[in-house]
Structure formats: structure tokens, C-alpha cells
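Peer 1: Dumping the structure here so I can ask a few things about it.
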Amino acid sequence: MDAIDRELLRLLQADVTLPIAELAQRVNLSQTPCWKRVQRLKETGVIRAQVALCDARKLGVGTTVFVAVRTDQHTEKWAQRFTQVVSAMPEVVEVYRMSGEVDYLLRVAVTGIEDYDRVYKQLIKAVPLSDVSSSFAMEQIKYSTALPVRDGG
31 MDAIDRELLR
41 LLQADVTLPI
51 AELAQRVNLS
61 QTPCWKRVQR
71 LKETGVIRAQ
81 VALCDARKLG
91 VGTTVFVAVR
101 TDQHTEKWAQ
111 RFTQVVSAMP
121 EVVEVYRMSG
131 EVDYLLRVAV
141 TGIEDYDRVY
151 KQLIKAVPLS
161 DVSSSFAMEQ
171 IKYSTALPVR
181 DGG
């Protein structure tokens, strides 16, 4: 990946709807080579998807809950079941397997505390857990889907 590819990624992460003509102008290329670079970034998986980012509040799911999950079961079968369960829950928008005190960290988008309680009950009914700790976000200070695009690598 060269400097032009990196600049294309920065631009596309900010606004994927930019026309090829504008992208090409901003990176000082003609349209065809610019288009080919973008296609290559897609084909190689650097660009995974093009999506619309929705406003959670306007969709009625403006409450964010971070859920720390602990389990005493660390079998492959349990992990597969847990993955299956959380993947099927649309309110669970991110899941990470963690190091340290907590086994998994979930980010959940819900309408409020009652909605979260429903999600919580669904989760603990579906898969055995040893501890679930929930923290409600009071304010979102920063949110970005744009990844840092480092120069020279």
C-alpha cells in the first residue's frame, strides 16, 4: 500500500459516497487508475464493506450498555454456543473476547433499562454464565468508525 492508497482510505472512511472523479482529483490521479486502486482495496479485503451509519437515537436505541461477561466454562463447545447466541441478538452490536478479569465484553444498543433487562434475561437463559456486569454509558465522548491509516506501512 502506497501513499495514494492510504489517502484514498482516509477519504473513503470519511465519506464513501465521494464520486470517483472527486477521489481522483484529491489524490492527483485520473479516474480509471483511481477506480482500479479502489477496486483492488476491495478485492484484497482492505475495504470490507460500504455501509450507512445510522443515528442510534433516531432509531430509538440510544442507550448504550457495556456488558462484562465471565464464565467458568472455557470449552470450544461453550464458546461456539456463546458466539451463536450473541451473534443472533441484534441489540448486541459488538463482542470481544478479552484478556484479564473479564472473558467477554459486549456493546449493546437498546431503548432503555427495560429493554436491556429483556436482552439480559435472554442472554442468561441461552448460555450459562458465571457473572454478568452491566455499565450504562452516560455520555458518548467520541465515536468513530474510521481506523487510523498510518503512513509508510
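Going by our numbering, the residue at position 22 of the sequence shown is 52; the numbering climbs one at a time, nothing skipped. Glycine residues also receive a C-beta, built at the ideal position from the N, C-alpha and C atoms.
1) Verify whether the separation of the beta carbon atoms of Val162 and Ile154 is less than 8 Å.
2) Would you report the Cα separation of Val95 and Gln114, rounded to the nearest angstrom?
3) Under the DSSP definition of a beta bridge, which residues are partnered with Tyr134?
4) Rounded to the nearest angstrom, what separates Ile77 and Val99 at their Cα positions?
5) Mapping the DSSP letters down to three states, classify Asp161 as helix, strand or coil.
6) Under three-state DSSP, which class holds Thr47?
7) By alpha-carbon positions, which one of Leu39, Thr141, Gln69 ends up nearest to Asp85?
8) Any contact between the region 32-45 and the region 69-76? By contact I mean 3 or more CB pairs, one from each, below 8 Å.
9) Taking 7 Å as the cut-off, does the CB of Gln80 come closer than this to any heavy atom belonging to the ligand HEM?
10) Measuring straight from C-alpha to C-alpha, what distance separates Trp65 and Ile50?
11) Below 6 Å CB to CB, which residues in the same chain sit around Lys164 once its five sequence neighbours on both sides are set aside?
12) Could you have a look at Thr94 and say whether DSSP puts it in helix, strand or coil?
13) Looking at the structure shown, is Val140 part of a helix, part of a strand, or coil, going by DSSP?
14) Tell me where the alpha helix (DSSP H) around Gln80 begins and ends.
15) Alpha carbon to alpha carbon, how far is Asp133 from Lys107?
Peer 2: By the coordinates alone:
1) Your numbering for residue 162 matches position 132 in the sequence shown. Your numbering for residue 154 matches position 124 in the sequence shown. Judged by beta-carbon spacing, Ile154 lies within the 8 Å limit of Val162, meaning their Cβ atoms are closer than that value.
2) Translated into positions along the sequence shown, residue 95 becomes position 65. Translated into positions along the sequence shown, residue 114 becomes position 84. The alpha-carbon of Val95 is positioned some 20 Å away from that of Gln114.
3) In the sequence shown, residue 134 corresponds to position 104, counting from 1. Looking at the DSSP output, Tyr134 sits in a beta bridge with Val99, Arg127.
4) Within the sequence shown, numbered from 1, the residue matching residue 77 stands at position 47. Within the sequence shown, numbered from 1, the residue matching residue 99 stands at position 69. Distance from the CA of Ile77 to the CA of Val99, rounded to the nearest whole angstrom, comes to 31 Å.
5) Stepping through the sequence shown from its first residue, residue 161 is reached at position 131. Assignment of Asp161 by DSSP, reduced to helix, strand and coil, places it in the strand class.
6) Numbered from 1 along the sequence shown, position 17 holds the residue referred to as residue 47. Coil at Thr47, not helix or strand.
7) One-based indexing of the sequence shown puts residue 85 at position 55. In this structure, Thr141 is the residue among Leu39, Thr141, Gln69 with its C-alpha nearest to the C-alpha of Asp85.
8) Touching, per the Cβ criterion.
9) Among the components of this structure there are no ligands whatsoever, and the ligand HEM is therefore not found.
10) To locate residue 65, count along the sequence shown from 1; it is residue 35. To locate residue 50, count along the sequence shown from 1; it is residue 20. Cα-Cα distance, rounded: 6 Å.
11) As a working mapping, residue 164 is identified with position 134 in the sequence shown. Note that residue 164 is Ser in the sequence shown, not Lys. Cβ within range, chain order: Val95, Val97.
12) Along the sequence shown, read from residue 1 onward, the residue named residue 94 stands at position 64. Strand, per DSSP.
13) Numbered from 1 along the sequence shown, position 110 holds the residue referred to as residue 140. In the structure shown, Val140 sits in a strand (DSSP, three-state: E or B).
14) For the purposes of this step, residue 80 is taken as the residue at position 50 of the sequence shown. From DSSP, Gln80 is part of no alpha helix (DSSP H); its letter is neither H nor E.
15) In the sequence shown, residue 133 corresponds to position 103, counting from 1. In the sequence shown, residue 107 corresponds to position 77, counting from 1. Cα-Cα distance, rounded: 15 Å.
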